[in-house]
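The UniProt record's numbering numbers the first residue of the sequence shown as 1 and each following residue consecutively. All C-beta atoms, glycine included, are put in the ideal place defined by N, C-alpha and C. Only a predicted model underlies this, so the values are computations on that prediction, with no experimental measurement involved. Data first, discussion second: the structure below is written as structure tokens.
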Amino acid sequence: MCINDALEEIGWGKYQELVYSNCFLAILLATLWMEMVSLLMHDYEGEYWEIFLLPVCLNFGSLIGCYLQSFITDKVGRASIFKLSAIISSFGGLWLCVFPFSFMFHIGLCIIGFGLGGDMVISYTLLLESIPKSKINQLTLLNMGWNIGISFFIFTALIIELFWVFNSPGWMILVWVGTLSAGFLTYYRSRLLESPHYLYNRGDFRLDGVLIKIAEINENKDYIPRVFLRIQDKNVFENDHEKMLKNTILLTCEYFFANTPYYCLIFFMPDILPDCNDYMLYTVMFLQQLSGIPGVITASYLINSPFGPKYTRLLGFTVSAVFMFSLSLPLNDYLIFVVSCALFYFLSIGLSTLYTFSQEMYPTAIRGTANGWLCGISLITGCIGPVLFGQIKNMTGITPIFYILTVSFVLAAVFSFGIVDYTPKKAEYIN
């Protein structure tokens with residue numbers, strides 16, 4: 001038997017619900033801050049270079065936080081760094097409230113970004129290592145946090161657009177919501193225990209105590225503690241090093257070509273949609289994000305079906321390429337809305353499967369670092385993609401961008417086909 005069997009015996013219960021809710025709220029908070037900056041760029045009172053630096057500061061902080069915290073989490077632990085990232089985000093939010101209009105505001109965005117970088121990578125790893133293998137679809141469903149988070153932001157922006165009558169800028173309410181939410185998560189995460197997989201891999205004496213505590217929280221009185229036999233990490237690396245390296249290179253390319261269209265869609269959606277007022281624009285974008293939620297649910301079933309992770313990603317990215325190309329055609333307003341919603345549905349299938357598969361592929365010892373690298377790639381595409389394609393749009397119009405993003409989806413599908421679908425060797429334990 002392996003450590004997954006121990007978690008299977010304990011089962012899904014109140015503790016797993018606690019972990020899931022913490023990780024889901026972390027994704028929501030990250031989305032709130034990222035989308036707040038996009039709204040802020042329209043209302044911020046400052047020079048052009050100050051406005052340009054707003055997303056740069058947040059993304060730079062997220063990139064550094066993602067790489068640094070993912071590396072540390074393999075050395076120190078998942079839960080402890082996850083708790084620290086909430087404290088950092090809370091401090092950054094308070095900083096923004098104190099310095100709402102100055103260069104110090106940009107420093108606050110860097111601090112928040114550093115905390116969010118940890119949230120985005122650790123939430124997936126911690127959830128994967130705290131749940132039974134039979135509930136792995138919950139990891140896929142975690143991706144709904146992105147769609148729900150963006151939907152919540154768009155809904156809030158719509159309310160602000162319609163009803164905000166105060167002299168202070170409307171985006172400040174989002175700053176306060178983000179700050180208070182980070183403060184709540186600082187308290188809420190204090191109840192989390194360390195990852196059982198991490199403790200097992202490190203040979204930590206706390207493993208038995210953590211498993212017993214999880215069983216107690218789940219009110220499972222039948223769990224019997226085991227004595228674990230630890231297999232050295234080097235054996236795993238020696239046997240699968242070449243395969244793991246090849247998969248990492250292919251995954252890096254897949255992350256790049258799959259995430260570039262996603263960020264460009266978010267950035268250029270006002271240009272894609274027909275000319276309309278802000279109310280209609282927010283409403284349509286809200287419905288588009290909601291259409292991604294059933295895509296995530298579909299992926300959670302397909303990934304465990306005969307389709308498997310590989311063909312689920314192929315389906316998502318290939319059909320997304322078809323709908324992306326369709327947007328370059330002369331369509332009426334209704335068809336643009338339908339095609340764009342269908343695009344978000346299939347894109348959510350591909351991306352949510354990709355994020356789940358990449359977590360499972362790596363052994364515990366390097367899972368944090370490896371997925372920090374891949375998460376960083378997605379953040380890099382979020383930084384350079386919209387800027388680069390914005391220049392192309394200014395020179396040639398938006399139609400050529402559809403062609404380029406169609407090719408990007410096709411390349412993501414091609415790279416996904418070359419990845420070997422396997423799970424790392426699992427150590428056994430002795431009764």
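- Item | Close-in-space but distant-in-sequence residues of the same chain around Tyr15 (CB under 6 angstroms, 5 per side omitted) | Counted from its first residue, the sequence shown places residue 15 at position 15. Only Ile214, Ile217 and Asn218 meet the Cβ criterion.
- Message: On the CB-based measure, 16 or more other CB atoms within 10 Å of its CB, does Asp333 come out buried or exposed?
- Response: Stepping through the sequence shown from its first residue, residue 333 is reached at position 333. Burial call: exposed.
- What is the rounded straight-line gap between the Cα of Leu327 and the Cα of Gly203? As a working note, residue 327 is residue 327 in the sequence shown. As a working note, residue 203 is residue 203 in the sequence shown. Cα to Cα, Leu327 sits roughly 54 angstroms from Gly203.
- Task: Compute the Euclidean distance between the alpha carbons of Thr369 and Tyr124, then round it to the nearest angstrom.
- Result: What you label residue 369 is simply residue 369 of the sequence shown in a count that begins at 1. What you label residue 124 is simply residue 124 of the sequence shown in a count that begins at 1. About 13 angstroms.
- Hey, would you say Met172 sits closer than 8 angstroms to Pro100, going by beta carbons? Position 172 of the sequence shown, counted from the start, is the residue given in the question as residue 172. Position 100 of the sequence shown, counted from the start, is the residue given in the question as residue 100. Going by C-beta atoms, Met172 is nearer than 8 angstroms to Pro100.
- Message: Check for me: the alpha helix (DSSP H) holding Tyr198 runs from which residue to which?
- Response: Against the sequence shown, residue 198 aligns to sequence position 198. Where Tyr198 is concerned, the enclosing alpha helix (DSSP H) stretches over Pro196 to Arg202.
- Return the Cβ separation of Asp257 and Phe103 in integer angstroms, given the expectation that the two are a contact with Cβ distance under 8 angstroms. As a position in the sequence shown, residue 257 is number 257, starting the count at 1. As a position in the sequence shown, residue 103 is number 103, starting the count at 1. The identity of residue 257 in the sequence shown is Phe, whereas the question assumes Asp. That belief does not hold up - the Cβ atoms of Phe257 and Phe103 are roughly 36 angstroms apart, past 8 angstroms.
- Message: Quick check: Thr140 and Ser352, are their CB atoms within less than 8 angstroms of each other?
- Response: Against the sequence shown, residue 140 aligns to sequence position 140. Against the sequence shown, residue 352 aligns to sequence position 352. Yes, the pair counts as a contact, with Cβ atoms nearer than the cut-off.
- Mapping DSSP to helix, strand and coil, what is Ile419? Position 419 of the sequence shown, counted from the first residue, corresponds to residue 419. Coil, per DSSP.
- Do you know how far the Cα of Cys341 is from the Cα of Leu331? As a working note, residue 331 is residue 331 in the sequence shown. As a working note, residue 341 is residue 341 in the sequence shown. Answer to the nearest angstrom: the Cα atoms are 14 angstroms apart.
- Item | Burial state of Arg367 (16 or more Cβ within 10 Å) | The residue labelled residue 367 in the question sits at position 367 within the sequence shown. Classification of Arg367: buried, given that the 10 Å Cβ count is 16 or more.
- Beta carbon of Val296, beta carbon of Met395: below 8 angstroms? The residue given as residue 296 occupies position 296 in the sequence shown. The residue given as residue 395 occupies position 395 in the sequence shown. Not a contact, by the Cβ cut-off of 8 angstroms.
- Query: Ordered along the chain, which non-local residues of its own chain (more than five positions away) have a Cβ less than 8 angstroms from that of Ile392?
  - Reply: Working through the sequence shown from its first residue, we reach residue 392 at position 392. Answer for Ile392: Pro400, Ile401 and Ile404, listed in chain order.
- With respect to 7 angstroms, is the separation between the Cβ of Trp373 and the closest non-hydrogen atom of the ligand ATP below this value? No copy of the ligand ATP appears in this structure; indeed no ligand is present at all.
- When we look at the beta-carbon of Trp176 and count the other beta-carbons within 10 Å, is it buried (16 or more) or exposed? The residue labelled residue 176 in the question sits at position 176 within the sequence shown. Answer is exposed; the Cβ neighbour count stays below 16.
- Same chain, Cβ closer than 7 angstroms to Trp12, five either side skipped, listed in chain order: Indexing the sequence shown from 1 puts residue 12 at position 12. These residues qualify, in order along the chain: Ile131, Pro132 and Lys135.
- Message: To the nearest angstrom, how far is the alpha carbon of Leu174 from that of Leu32?
- Response: Numbered from 1 along the sequence shown, position 174 holds the residue referred to as residue 174. Numbered from 1 along the sequence shown, position 32 holds the residue referred to as residue 32. Between Leu174 and Leu32, the C-alpha separation is close to 8 angstroms.
- Thinking Ala86 and Arg189 are a contact (beta carbons under 8 angstroms), I'd like their distance in whole angstroms, please. Taking the sequence shown and counting its residues from 1, the one referred to as residue 86 is at position 86. Taking the sequence shown and counting its residues from 1, the one referred to as residue 189 is at position 189. With a Cβ gap of about 5 angstroms, Ala86 and Arg189 count as contacting.
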